[in-house]
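Line by line, the protein sequences are chains U and F. Per the working numbering, residue 182 is the first one in the first sequence, and the count goes up by one each step. Per the working numbering, residue 182 is the first one in the second sequence, and the count goes up by one each step. Ideal placement from N, C-alpha and C gives every residue a C-beta, glycine not left out. Structure first, commentary second.
2 protein chains.
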Amino acid sequence: MTKQPTRAGMELSQTQRTLPIALLRAREAVMDYFRPLLAEHDVTEQQWRVMRVLDELGTVDASFLARQACILAPSLTRIMRTLEARGFVEVSRDSSDGRRTLVCLSKEGSQFIRKLAPASAKIYQDIESKIGSERIGTLLDEIEILLEALSPEK
Amino acid sequence: MTKQPTRAGMELSQTQRTLPIALLRAREAVMDYFRPLLAEHDVTEQQWRVMRVLDELGTVDASFLARQACILAPSLTRIMRTLEARGFVEVSRDSSDGRRTLVCLSKEGSQFIRKLAPASAKIYQDIESKIGSERIGTLLDEIEILLEALSPEK
DNA sequence: CAGAATAATTTAACATGTTAAGTAAATAAT
DNA sequence: ATTATTTACTTAACATGTTAAATTATTCTG
Numbered sequence: 182m183t184k185q186p187t188r189a190g191m192e193l194s195q196t197q198r199t200l201p202i203a204l205l206r207a208r209e210a211v212m213d214y215f216r217p218l219l220a221e222h223d224v225t226e227q228q229w230r231v232m233r234v235l236d237e238l239g240t241v242d243a244s245f246l247a248r249q250a251c252i253l254a255p256s257l258t259r260i261m262r263t264l265e266a267r268g269f270v271e272v273s274r275d276s277s278d279g280r281r282t283l284v285c286l287s288k289e290g291s292q293f294i295r296k297l298a299p300a301s302a303k304i305y306q307d308i309e310s311k312i313g314s315e316r317i318g319t320l321l322d323e324i325e326i327l328l329e330a331l332s333p334e335k
Numbered sequence: 182m183t184k185q186p187t188r189a190g191m192e193l194s195q196t197q198r199t200l201p202i203a204l205l206r207a208r209e210a211v212m213d214y215f216r217p218l219l220a221e222h223d224v225t226e227q228q229w230r231v232m233r234v235l236d237e238l239g240t241v242d243a244s245f246l247a248r249q250a251c252i253l254a255p256s257l258t259r260i261m262r263t264l265e266a267r268g269f270v271e272v273s274r275d276s277s278d279g280r281r282t283l284v285c286l287s288k289e290g291s292q293f294i295r296k297l298a299p300a301s302a303k304i305y306q307d308i309e310s311k312i313g314s315e316r317i318g319t320l321l322d323e324i325e326i327l328l329e330a331l332s333p334e335k
């Protein structure tokens, strides 16, 4: 845990001490625990993320969903097609703005989420047992602060 | 910054309070600052990451490089082809193990890194000015601890 | 109200992510 | 030593990431 000094000049930091790579490696390390579950149930990471956000938010338009799930609009278009074909989401037009696509989870989609929830929570507990739930809480707090500080509207 | 209680049962957390999504959103927020620079110089995020790791490690075999850069082997195969065509990396065979591909930065690749370093460091400083370098240091420390705790060899 | 500008989404094209299968070299087991 | 297994990498196929252009609906301007 040796701290590197802040770069005074214009040098690059060790990759381990840069936010983009450190955050990526951390996420990969965490996802390694979840991927077997997703693969077992034939959903991609992105499809699962879209469904998790819909479960949380209810009916939303495509742009907002894309932002929340960190998925670009063109990817979301294809993902929605897949999820709709599988009966997991329902798509409609916004009656007050014909440009917008509204999306929500279907009953089947909601059931699918709830079917995987116990296994997902169990994996999360396994991770918590290795890191400590307190430390995870701290990390999530720090990330919330970072997101607030970097949000574009500031 | 209201803390959620640890899930006692089998419910899913708010997406904001899950490591996979929180880490992803944080990384996207950070990368939004770097992407214009990379686009301006016609390198993808992954190509740049490969070069950053090579700059740090010197000559390494493809498997190790893939792990360090969080890139899967098939993607790396294609990325190496692109970077080699552009003259940024040099590829050779390991004489003591004919299966292994060895890779290192070329002189041009090294120059390219150094050419972008100042702008990259400046962007990093801009981010630091919004979050605080101390807080970033704490976050990076927490991530190092997480990576150590989740490393498979434990 | 008509035409211009803007906005939300989709399509297209290429790079990468991901899994499975294939190839070649090294190692292990008879 | 020959065969089988393992290892490192590549190829193939499809999903997603990414940018630019196209499409359709809305809003702005005159």
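What would DSSP say about residue i, mapped onto helix, strand or coil?
{"i": "residue 274/U", "result": "strand"}
{"i": "residue 331/U", "result": "helix"}
{"i": "residue 236/U", "result": "helix"}
{"i": "residue 224/F", "result": "coil"}
{"i": "residue 400/U", "result": "There is no way to answer for residue 400/U, as the model of chain U reaches only from 182 to 335."}
{"i": "residue 194/F", "result": "coil"}
{"i": "residue 199/F", "result": "coil"}
{"i": "residue 253/U", "result": "coil"}
{"i": "residue 313/U", "result": "coil"}
{"i": "residue 279/U", "result": "coil"}
Tell me the rounded alpha-carbon separation between residue i and residue j.
{"i": "residue 193/F", "j": "residue 237/U", "result": "10 Å"}
{"i": "residue 329/U", "j": "residue 277/U", "result": "31 Å"}
{"i": "residue 171/F", "j": "residue 215/F", "result": "Beyond the ends of chain F as shown, which are 182 and 335, falls residue 171/F; an answer cannot be given."}
{"i": "residue 327/U", "j": "residue 203/F", "result": "10 Å"}
{"i": "residue 247/U", "j": "residue 331/U", "result": "19 Å"}
{"i": "residue 183/F", "j": "residue 315/U", "result": "Because the pLDDT at residue 183/F is just 47, under 50, the model does not fix this residue reliably, and the value given afterwards should be weighed accordingly. Distance between the alpha carbons of residue 183/F and residue 315/U is about 14 Å."}
{"i": "residue 291/F", "j": "residue 269/F", "result": "8 Å"}
{"i": "residue 245/F", "j": "residue 267/F", "result": "22 Å"}
{"i": "residue 325/F", "j": "residue 293/U", "result": "34 Å"}
{"i": "residue 298/F", "j": "residue 195/U", "result": "12 Å"}
{"i": "residue 226/U", "j": "residue 234/F", "result": "26 Å"}
{"i": "residue 205/U", "j": "residue 283/U", "result": "31 Å"}
{"i": "residue 275/U", "j": "residue 242/U", "result": "8 Å"}
{"i": "residue 295/F", "j": "residue 263/F", "result": "20 Å"}
{"i": "residue 333/U", "j": "residue 207/F", "result": "13 Å"}
{"i": "residue 280/F", "j": "residue 258/F", "result": "14 Å"}
{"i": "residue 306/U", "j": "residue 232/U", "result": "21 Å"}
{"i": "residue 313/U", "j": "residue 265/F", "result": "44 Å"}
In its own chain, which residues sit with a C-beta less than 7 Å from the C-beta of residue i, not counting the 5 before and 5 after it?
{"i": "residue 211/F", "result": "308"}
{"i": "residue 289/U", "result": "268 and 269"}
{"i": "residue 239/F", "result": "285"}
If you follow the beta strand (DSSP E) that residue i is in, where does it begin and where does it stop?
{"i": "residue 286/F", "result": "282-286"}
Hey, could you find the ends of the alpha helix (DSSP H) residue i is sitting in?
{"i": "residue 269/U", "result": "Note, residue 269/U: premise wrong, no alpha helix (DSSP H); not H, not E."}
{"i": "residue 248/U", "result": "243-250"}
Quick one: what's got a C-beta closer than 6 Å to residue i's C-beta in the same chain, skipping five residues either side?
{"i": "residue 271/F", "result": "285 and 287"}
{"i": "residue 273/F", "result": "283"}
Apart from the five residues just before and just after residue i, which ones in its own chain have a Cβ nearer than 8 Å to its Cβ?
{"i": "residue 219/F", "result": "225, 226 and 229"}
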